[in-house]
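Report on the structure given below.
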Amino acid sequence: MPCPCDQLPSNHQPGRRTFLSKVTYGAGAIAAAMMGIPFVGYLFGTRKGEVDWVTLGPVKDFPLSQTRQVTFDNPLRQPWDGMVGRASVFVRNEGINEKEAKQQFLVLAANCAHLGCPVEWFQESGLFMCPCHGGVYYANGERASGPPPRGLYHCIYRVTKDKGIDQLQIQAPHFPTLQNTLKDPA
Amino acid sequence: MFRSVGKWFDARLGLREAVMPVLKHPIPRGAAGPMGWWYVFGSASLTLLLIQILTGIALALVYVPSADKAYESLLFLNYQQPLGWFLRALHYYAGSGMIVMMLVHMTQVFLHGSYKYPRELTWVLGVLLLLCTMGMFFTGQVLRWDPDAYWGLAIGGSMAGRVPVAGPWLVQILLGGPVIGGDSLSRFFTLHVFVIPASLIFFLIIHLWLVIKYGISAPPVPGEKVDPKTYHEGYEKELKNGVPFLGDAMLKDILFSSLAVIVIVIIAAVVGPKGPTGPPDPALAGANPRPEWPFLWLFALLSLSPPAAETFLILVFPLLLIGILFLVPFISNRGERAPSRRPGAVLTVIVIYTILGTLTYQGATSPWSPEMTAWSGDPIPINMVKDKTPLQLQGALIFQNKSCRNCHALEGSGGRRGPDLTTVGTRLTRDQLIDQVSNGTPGGGNMPAFGKQISPAQMTALVEFMANLRPAGVPAAEPASNRTKVKEYP
Numbered sequence: 229m230p231c232p233c234d235q236l237p238s239n240h241q242p243g244r245r246t247f248l249s250k251v252t253y254g255a256g257a258i259a260a261a262m263m264g265i266p267f268v269g270y271l272f273g274t275r276k277g278e279v280d281w282v283t284l285g286p287v288k289d290f291p292l293s294q295t296r297q298v299t300f301d302n303p304l305r306q307p308w309d310g311m312v313g314r315a316s317v318f319v320r321n322e323g324i325n326e327k328e329a330k331q332q333f334l335v336l337a338a339n340c341a342h343l344g345c346p347v348e349w350f351q352e353s354g355l356f357m358c359p360c361h362g363g364v365y366y367a368n369g370e371r372a373s374g375p376p377p378r379g380l381y382h383c384i385y386r387v388t389k390d391k392g393i394d395q396l397q398i399q400a401p402h403f404p405t406l407q408n409t410l411k412d413p414a
Numbered sequence: 049m050f051r052s053v054g055k056w057f058d059a060r061l062g063l064r065e066a067v068m069p070v071l072k073h074p075i076p077r078g079a080a081g082p083m084g085w086w087y088v089f090g091s092a093s094l095t096l097l098l099i100q101i102l103t104g105i106a107l108a109l110v111y112v113p114s115a116d117k118a119y120e121s122l123l124f125l126n127y128q129q130p131l132g133w134f135l136r137a138l139h140y141y142a143g144s145g146m147i148v149m150m151l152v153h154m155t156q157v158f159l160h161g162s163y164k165y166p167r168e169l170t171w172v173l174g175v176l177l178l179l180c181t182m183g184m185f186f187t188g189q190v191l192r193w194d195p196d197a198y199w200g201l202a203i204g205g206s207m208a209g210r211v212p213v214a215g216p217w218l219v220q221i222l223l224g225g226p227v228i229g230g231d232s233l234s235r236f237f238t239l240h241v242f243v244i245p246a247s248l249i250f251f252l253i254i255h256l257w258l259v260i261k262y263g264i265s266a267p268p269v270p271g272e273k274v275d276p277k278t279y280h281e282g283y284e285k286e287l288k289n290g291v292p293f294l295g296d297a298m299l300k301d302i303l304f305s306s307l308a309v310i311v312i313v314i315i316a317a318v319v320g321p322k323g324p325t326g327p328p329d330p331a332l333a334g335a336n337p338r339p340e341w342p343f344l345w346l347f348a349l350l351s352l353s354p355p356a357a358e359t360f361l362i363l364v365f366p367l368l369l370i371g372i373l374f375l376v377p378f379i380s381n382r383g384e385r386a387p388s389r390r391p392g393a394v395l396t397v398i399v400i401y402t403i404l405g406t407l408t409y410q411g412a413t414s415p416w417s418p419e420m421t422a423w424s425g426d427p428i429p430i431n432m433v434k435d436k437t438p439l440q441l442q443g444a445l446i447f448q449n450k451s452c453r454n455c456h457a458l459e460g461s462g463g464r465r466g467p468d469l470t471t472v473g474t475r476l477t478r479d480q481l482i483d484q485v486s487n488g489t490p491g492g493g494n495m496p497a498f499g500k501q502i503s504p505a506q507m508t509a510l511v512e513f514m515a516n517l518r519p520a521g522v523p524a525a526e527p528a529s530n531r532t533k534v535k536e537y538p
């Protein structure tokens with residue numbers, strides 16, 4: 229006997245039809261969510277690392293009141309980053325603080341506080357100059373001229389004893405975008 | 049034999065039936081005449097896109113999108129892979145040409161009012177295509193993985209970092225990690241090779257579909273106004289008198305595209321590939337990052353704007369510009385089309401291109417940036433040291449050593465951030481010179497204060513040198529107080 233389906237009004241068996249369509253929508257939504265949520269999580273997830281300390285060298289290597297550029301391998305790098313994983317900072321030995329009897333350093337980000345370009349140190353004039361938009365800073369990191377809204381960023385440093393030698397260490401910096409670099413703004 | 053095989057395939061595929069009517073669709077008679085030369089820029093953009101796809105696939109056969117190997121693979125392409133240099137050059141200049149053609153196409157569509165009813169969506173899709181192409185340019189520059197690429201990412205990241213609240217998260221999403229590295233390169237490779245091209249082709253299909261659906265707009269006639277009520281009737285009447293696209297119009301397209309390709313191939317072969325400018329070592333001194341030419345205007349804008357306006361210019365202004373571009377066909381979608389009856393439209397185009405051109409020129413010359421090597425690289429002009437006293441010569445040395453030259457030119461060579469000091473002795477007195485050098489521009493202006501960096505003896509020599517920088521026979525500047533005294537007590 230031929231199926232009489234097409235002769236019946238479509239709402240003849242509402243239960244079955246609506247059930248099927250509801251199950252279809254539901255299954256589709258569940259499938260999309262099961263696939264989509266982890267996918268979006270993958271795309272927009274961010275790695276959170278612990279604070280890494282980088283050793284810049286023995287304290288005695290930094291002469292008093294001299295600015296030195298120090299280049300190091302950023303521990304935040306990937307093993308396949310090559311030379312791109314390098315970073316540099318400017319270190320200035322500020323001598324010993326008389327009150328606390330503590331060795332003071334000025335560790336400045338090598339990246340302009342404007343948009344992150346690399347500043348260059350000019351020893352004779354005591355200025356940092358930026359090649360991009362012309363930002364200029366004094367030796368102490370304060371803004372001297374140009375578009376930067378503030379002075380150079382400071383890095384968080386500490387002096388630790390390693391095998392009897394005082395070593396200068398800084399927190400691995402998020403250069404060159406200057407995001408999350410610092411908890412205490414300079 | 050071939051003919052019968054071809055016929056068999058066509059009988060099965062039915063391509064001729066589907067494609068020929070599209071190719072032969074009638075277009076307004078005017079668009080096939082001399083006015084038709086205005087209609088060639090869209091198809092030229094398409095031709096260059098095809099070149100980009102071809103050369104892009106070819107380059108991907110050799111290029112390695114890995115942070116520690118990308119630079120080497122580019123050098124391999126430039127110097128060892130046969131014709132690798134040519135493919136790289138072609139990919140760069142065809143991409144540049146694509147932007148130029150799209151801008152000309154867009155300008156033509158704007159001036160002829162072709163974006164008006166019923167082609168608003170075609171315009172919107174066109175804007176999306178332009179944005180995709182700009183995106184290809186930026187991501188493509190990153191793949192070049194040289195200092196410009198690295199610092200371009202740094203600047204892009206710093207801009208994203210200025211977004212309130214979400215800034216740090218956005219930077220991580222953009223760079224793929226807390227610092228620029230392999231994650232960033234993989235990201236931009238994916239954008240450049242998969243995401244943006246797929247979007248671009250998707251938008252292009254809709255753009256072309258709309259072109260076919262609504263037909264090519266007739267050349268504008270002064271006085272013939274666009275009115276949605278009568279437009280379709282008029283256009284159909286025009287098509288009754290129309291000519292098939294497959295004919296003169298298509299020949300013009302092909303001829304112009306061929307010329308464009310010939311010019312671009314010659315430029316690519318003569319000028320050669322662009323970069324990489326150096327190894328991507330962020331610790332390398334002497335980096336002088338510059339954006340690609342389609343972004344020079346933005347670079348200039350950011351340098352010339354006051355700091356207070358900057359976050360607005362970075363975060364809001366581009367969105368405003370894009371929004372306005374999208375809204376163009378909705379702001380005016382009826383009325384006159386002819387440029388002769390739309391002086392406002394003509395003026396807009398002139399003003400926009402003048403601004404973009406000026407900013408791009410400024411960006412290319414970037415007079416605001418210190419000349420980082422001038423202090424040691426640009427000698428003092430001979431006539432400024434010839435027959436001078438030992439004190440003045442000492443001053444000249446200090447002038448170079450203190451890197452004054454990085455911002456101040458002498459006889460046109462040196463930095464241009466500060467004024468040229470060739471004749472400064474005629475403008476400033478000794479006291480004014482000492483004040484300017486020690487304290488800089490008052491209120492933290494353009495010139496840094498050198499007071500702590502210069503000893504009294506050095507200052508004496510420096511001022512002696514500068515006070516004598518004046519053409520022969522021109523007197524030194526004198527304090528205004530001197531002059532008033534003479535006037536009051538003659």
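In the order they appear, the protein sequences are chains A and B. One point on numbering: in this note's numbering, the residue at position 132 of the first sequence is 360, and numbering is uninterrupted. One point on numbering: in this note's numbering, the residue at position 363 of the second sequence is 411, and numbering is uninterrupted. Quick reminder that beta carbons are idealized off the backbone N, C-alpha and C, glycines included. Since the structure is predicted, the reported quantities are computational estimates derived from the model, not experimental observations.
Inter-residue spacing [alpha-carbon to alpha-carbon] between G263/B and M150/B: As a first step, residue 263/B is located in the second sequence; it is residue number 215 there, counting from the start. As a first step, residue 150/B is located in the second sequence; it is residue number 102 there, counting from the start. Each residue's Cα considered, the two are about 19 Å apart.
Proximal residues of chain E, C-beta to C-beta of N454/B below 7 Å: Within the model displayed, chain E is absent; protein chains A and B are what it includes.
Residues near D611/B by beta carbon distance below 7 Å, same chain, minus five either side: This structure leaves residue 611/B out entirely; chain B is present only between 49 and 538.
Residues in the same chain with beta-carbon distance under 7 Å from E322/A, minus the five sequence neighbours each way, listed in chain order, please. Counted from its first residue, the first sequence places residue 322/A at position 94. Around E322/A: Q332, F333 and L334.
Cβ-based neighbour list, T246/A, same chain, cut-off 6 Å, excluding 5 preceding and 5 following: What you label residue 246/A is simply residue 18 of the first sequence in a count that begins at 1. So the list is empty, once near-sequence residues are dropped.
Where do the ends of the alpha helix (DSSP H) carrying A337/A lie? Here residue 337/A refers to the residue found at position 109 when the first sequence is read from its first residue. Where A337/A is concerned, there is no enclosing alpha helix (DSSP H), although the beta strand (DSSP E) it sits in stretches over K330 to A337.
Just to confirm my understanding: we take F498/B, look at its own chain, exclude 5 residues before and 5 after, and list those with CB closer than 6 Å. What are they? Within the second sequence, numbered from 1, the residue matching residue 498/B stands at position 450. So the qualifying residues of the chain are V485.
So with Cβ pairs under 8 Å, would you call G309/A a contact of chain B? Position 81 of the first sequence, counted from the start, is the residue given in the question as residue 309/A. In the sequence as presented, Gly is not what sits at residue 309/A; that position holds Asp. Yes, because at least one Cβ of chain B sits closer than 8 Å to the Cβ of D309/A.
Please return the same chain residues whose Cβ sits closer than 6 Å to the Cβ of K411/A, not counting the five positions on each side in sequence. In the first sequence, the residue the question calls residue 411/A occupies position 183. Below a pLDDT of 50, predicted positions are generally treated as unreliable, and K411/A, at 48, falls in that range; no measurement from the model is reported.
Which residue from I147/B, G521/B and L404/B puts its Cα closest to that of G183/B? Counting from 1 along the second sequence, the entry for residue 183/B is found at position 135. Cα-wise, what sits closest to G183/B is I147/B.
Using the beta-carbon count (16 or more within 10 Å), is I310/B buried or exposed? Position 262 of the second sequence, counted from the first residue, corresponds to residue 310/B. It counts as exposed.
Using beta-carbon positions only, say whether G473/B and L517/B come within less than 8 Å of one another. Against the second sequence, residue 473/B aligns to sequence position 425. Against the second sequence, residue 517/B aligns to sequence position 469. Yes.
With 8 Å as the threshold, decide whether the Cβ of L350/B is near any Cβ in chain A. Within the second sequence, numbered from 1, the residue matching residue 350/B stands at position 302. True, the Cβ-Cβ gap to chain A drops below 8 Å.
Classify I502/B: buried if its beta carbon has 16 or more other beta carbons within 10 angstroms, exposed otherwise. Residue numbering aside, residue 502/B sits at position 454 when the second sequence is read from its first letter. With 16 or more other Cβ atoms within 10 Å, it is buried.
Under 8 Å, do P387/B and H160/B count as touching if we go by C-beta distance? As a working note, residue 387/B is residue 339 in the second sequence. As a working note, residue 160/B is residue 112 in the second sequence. In this structure, P387/B sits near H160/B, with a CB-CB distance shorter than 8 Å.
Please check if any C-beta of chain A sits within less than 8 Å of the C-beta of D116/B. Here residue 116/B refers to the residue found at position 68 when the second sequence is read from its first residue. Cβ-Cβ to chain A under 8 Å: yes for D116/B.
Which class does P538/B belong to by DSSP, given the choice of helix, strand or coil? The residue given as residue 538/B occupies position 490 in the second sequence. With a pLDDT of 49 at P538/B, under the threshold of 50, the modelled position of that residue is not reliable, and no figure is offered here.
Give a yes or no on whether the minimum CB-CB distance between S316/A and chain B is below 8 Å. As a first step, residue 316/A is located in the first sequence; it is residue number 88 there, counting from the start. Yes, S316/A lies at the interface with chain B (some Cβ there is under 8 Å from its Cβ).
Roughly how many angstroms separate the alpha carbons of P113/B and H361/A, rounded to a whole number? Translated into the one-based positions of the second sequence, residue 113/B becomes position 65. Translated into the one-based positions of the first sequence, residue 361/A becomes position 133. About 30 Å.
For P76/B versus E281/B, is the C-beta spacing smaller than 8 Å? As a position in the second sequence, residue 76/B is number 28, starting the count at 1. As a position in the second sequence, residue 281/B is number 233, starting the count at 1. No, the Cβ-Cβ distance between P76/B and E281/B is not below 8 Å.
What do you reckon, are the CB atoms on A266/B and G466/B nearer than 8 Å? Against the second sequence, residue 266/B aligns to sequence position 218. Against the second sequence, residue 466/B aligns to sequence position 418. Not a contact, by the Cβ cut-off of 8 Å.
Below 8 Å on the Cβ atoms is my guess for L191/B versus H139/B; work out the distance and round it to an integer in Å. Counting from 1 along the second sequence, the entry for residue 191/B is found at position 143. Counting from 1 along the second sequence, the entry for residue 139/B is found at position 91. L191/B to H139/B, Cβ: 10 Å. No contact.
Tell me where the beta strand (DSSP E) around I310/B begins and ends. Residue mapping note: residue 310/B aligns to position 262 of the second sequence, counting from 1. Per DSSP, I310/B belongs to no beta strand (DSSP E); it is in the alpha helix (DSSP H), D296 to V319.
Name, in chain order, the residues that DSSP records as bridge partners for S373/A. Taking the first residue of the first sequence as position 1, residue 373/A is located at position 145. S373/A is bridged to V364/A.
With DSSP as the reference, please indicate the residues paired to L292/A in a beta bridge. Along the first sequence, read from residue 1 onward, the residue named residue 292/A stands at position 64. According to DSSP, L292/A bridges with N321/A.
According to the Cβ coordinates, are I244/B and Y198/B closer than 8 Å? Here residue 244/B refers to the residue found at position 196 when the second sequence is read from its first residue. Here residue 198/B refers to the residue found at position 150 when the second sequence is read from its first residue. Not a contact, by the Cβ cut-off of 8 Å.
Run the CB neighbour count on Y401/B, radius 10 Å, all protein chains shown included, and call it buried at 16 or more, exposed below. Within the second sequence, residue 401/B is the residue found at index 353, counting from 1. With fewer than 16 other Cβ atoms within 10 Å, it is exposed.
Could you pull out every residue in the same chain whose Cβ sits closer than 6 Å to the Cβ of R386/A, ignoring the five residues on either side in sequence? As a first step, residue 386/A must be located in the first sequence, where it is residue number 158. The answer, listed in chain order, is Q397.
Looking at the C-beta of V219/B, does it have a partner C-beta in chain A at a distance below 8 Å? Residue mapping note: residue 219/B aligns to position 171 of the second sequence, counting from 1. By this cut-off, V219/B is an interface position.
If I measure Cβ to Cβ from S529/B and keep anything under 6 Å in the same chain, skipping five residues before and after, which residues do I get? As a first step, residue 529/B must be located in the second sequence, where it is residue number 481. Once the five neighbours on either side are set aside, S529/B has no close Cβ partner at all.
Outcome for F272/A when other beta-carbon atoms lying within 10 angstroms are tallied against a minimum of 16: Looking up residue 272/A in the first sequence gives position 44. Exposed, since its Cβ has fewer than 16 Cβ neighbours within 10 Å.
Beta carbon proximity, Y366/A to chain B, threshold 8 Å: Counting from 1 along the first sequence, the entry for residue 366/A is found at position 138. By this cut-off, Y366/A is an interface position.
Straight-line gap, P438/B to G369/A (C-alpha atoms, nearest Å): Numbered from 1 along the second sequence, position 390 holds the residue referred to as residue 438/B. Numbered from 1 along the first sequence, position 141 holds the residue referred to as residue 369/A. If I take the Cα positions, the gap works out to 35 Å.
Looking at the secondary structure, which residues open and close the alpha helix (DSSP H) in which D194/B lies? Mapped onto the second sequence, residue 194/B falls at position 146. Looking at the DSSP string, D194/B is not in any alpha helix (DSSP H), and its letter there is neither H nor E.
So P195/B and L332/B are supposed to be a Cβ contact under 8 Å. How far apart are they, rounded? Working through the second sequence from its first residue, we reach residue 195/B at position 147. Working through the second sequence from its first residue, we reach residue 332/B at position 284. P195/B to L332/B, Cβ: 7 Å. Contact.
Would you list the residues sitting across from I393/A in a DSSP beta bridge? What you label residue 393/A is simply residue 165 of the first sequence in a count that begins at 1. DSSP output for I393/A lists D390/A as bridge partner(s).
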